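Data block below; observations after.
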């Protein structure tokens, strides 16, 4: 969906509420920033998440104290941002960041029982596919210590800013100043084994081929 | 500063309020998540920032409507997170993320005049050193369209989680399951020139050597 801003720019910042666009951004990362209100103050904490259909599962342990303190029905904002590059313009004013950002508003529901277990499976498999069946499964006690929130994607939107700066067509385009994009990418390094790892345990294929 | 949790773990999650620790995390990134309260709901938006001494300058244009709507004295939470790797444990429960996270709470002040100009210089020079003197300076009109917030670092803290998983010493250490860290790193790609760039303008050295 185009915003009013889109029509004014050659390389627009795209805004969309299309579920497919929202899903594409959410599925490209696994760390979100979870915002809650605590005693009238905003609190923003990083945590992991995974999308399953039109639901977002959010690992809520880090914010569970705040969410409980406010009772049920506490609104949250979950924001996921991927930084793709720095946009170098002719003028300081037109510098910007190329990014993909999804924002989800809603009142989450804390999961229990089989729903919680399935959400944890989604979280683990999203971040490291193949790991759920490889690692030891959670015990009842471990499950009880974990908070997983489910949030509807009904009130979600994305913004995507991409491409070169937009000051090339105006008077600044005459300046002898370089303009373009300095791209950024996130890539995996070489896996580091736990120094206390018992001998003879080799890196399994699903971890050797892991990419974020 | 050690938290109670630190003493329980071999490779602890470090918490600190030491200004040097806060500065080290803040100076390692340039995109933050700015949290504000808007009509009782949390709103979390990504934006750029730069530290100068014990002050954080935050590019506030994206949130300026919300900040103005709430009048002056609106509290914010600025959170900066660097994701360093995925911690692979023997048990699902002990999986985690290695990260560095800084959180700053406070009531920001919108800057004007020379203060705003100097803060913008800090923002640009932090993200792309050498760029402030290279690009065209902001006009009065452009300055008026830009919101820059100043936030004291008085109420700031960091948490750093690093190292291997901590289940190697317990009963799970006997499992024939690989454990360790899958590191992540962010690196620059090859600069992409604006297709509308005039001929004969070469990439200057301060952009060619840029790293995030």
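Residue numbers (our numbering), protein chains in the order written: chain F, 6 to 217; chain R, 6 to 217.
Heads up, the beta-carbon is just placed ideally off N, CA and C, and yes, glycines get one too.
Quick caveat: nothing in here was measured; it's all calculated off a predicted structure.
Against chain F, with Cβ distances strictly below 8 Å, would residue 31(R) count as a contact? For this step, residue 31(R) is matched to residue 26 along the second chain. So, not an interface residue.
Is there a C-beta anywhere in chain F that falls below 8 Å from the one on residue 165(R)? Against the second chain, residue 165(R) aligns to sequence position 160. Not closer than 8 Å to any Cβ of chain F, the Cβ of residue 165(R) fails to qualify, so no.
What residues match up with residue 46(F) in a beta bridge as DSSP calls it? For this step, residue 46(F) is matched to residue 41 along the first chain. Note: residue 46(F) sits in a beta bridge opposite 43(F).
Distance check for residue 83(R) and residue 112(R), CA to CA, integer angstroms please. On the second chain, position 107 is the one that residue 112(R) refers to. On the second chain, position 78 is the one that residue 83(R) refers to. When rounded, the distance between both Cα atoms is 11 Å.
Selection from 46(F), 100(F), 91(F) that minimises the alpha carbon distance to residue 177(F): As a position in the first chain, residue 177(F) is number 172, starting the count at 1. Residue 177(F) has its Cα closest to that of 100(F), out of 46(F), 100(F), 91(F).
CA-to-CA distance, residue 93(F) to residue 50(F), given in whole angstroms: In the first chain, residue 50(F) corresponds to position 45, counting from 1. In the first chain, residue 93(F) corresponds to position 88, counting from 1. Roughly 30 Å between the two C-alpha positions.
Measure the Cβ-Cβ separation of residue 122(R) and residue 148(R) and say whether it is below 8 Å. If you number the second chain from 1, residue 122(R) lands on position 117. If you number the second chain from 1, residue 148(R) lands on position 143. Closer than 8 Å, so yes.
Inter-residue Cα distance where the pair is residue 163(R) and residue 116(R): Taking the second chain and counting its residues from 1, the one referred to as residue 163(R) is at position 158. Taking the second chain and counting its residues from 1, the one referred to as residue 116(R) is at position 111. About 26 Å.
Reduced DSSP secondary structure (H/G/I, E/B, other) of residue 133(F): As a working mapping, residue 133(F) is identified with position 128 in the first chain. Residue state, collapsed to three classes: coil.
Please state whether the Cβ-Cβ distance between residue 153(R) and residue 64(R) is less than 8 Å. As a first step, residue 153(R) is located in the second chain; it is residue number 148 there, counting from the start. As a first step, residue 64(R) is located in the second chain; it is residue number 59 there, counting from the start. Result yes, Cβ atoms of residue 153(R) and residue 64(R) sit closer than 8 Å.
Near residue 7(F), what residues of its chain come up, given a Cβ to Cβ distance below 6 Å and the 5 sequence neighbours on each side ignored? Mapped onto the first chain, residue 7(F) falls at position 2. Because residue 7(F) sits at a pLDDT of 33, beneath the cut-off of 50, its placement in the model cannot be relied upon, and the following sentence gives the value as read from the coordinates. Within the same chain, residue 7(F) has no close Cβ partners at all.
Report buried or exposed for residue 131(F), applying the criterion of at least 16 other Cβ atoms within 10 angstroms of its Cβ. Translated into positions along the first chain, residue 131(F) becomes position 126. Its Cβ being crowded by 16 or more others within 10 Å, residue 131(F) is buried.
What are the start and end residues of the beta strand (DSSP E) that includes residue 182(F)? For the purposes of this step, residue 182(F) is taken as residue 177 along the first chain, with counting starting at 1. That residue, residue 182(F), is in no beta strand (DSSP E); it is neither H nor E in DSSP.
Would you be able to state if there are at least three C-beta pairs under 8 Å between the segment 194-202 of chain F and the segment 191-198 of chain R? no
Sequence-distant residues of the same chain with beta carbon closer than 7 Å to residue 53(R), five excluded per side: The residue labelled residue 53(R) in the question sits at position 48 within the second chain. The residues are 35, 36, 64, 128, 132.
To the nearest angstrom, report how far apart residue 25(R) and residue 87(F) are at their CA atoms. The residue labelled residue 25(R) in the question sits at position 20 within the second chain. The residue labelled residue 87(F) in the question sits at position 82 within the first chain. Distance between the alpha carbons of residue 25(R) and residue 87(F) is about 27 Å.
Below 9 Å on C-beta distance, what does residue 208(R) contact in chain F? As a first step, residue 208(R) is located in the second chain; it is residue number 203 there, counting from the start. Within chain F, the residues near residue 208(R) are 183, 185.
Less than 6 Å between C-beta atoms, sequence neighbours within five positions excluded: which residues of the same chain meet that for residue 207(F)? The residue you call residue 207(F) lines up with position 202 of the first chain. Within the same chain, residue 207(F) has no close Cβ partners at all.
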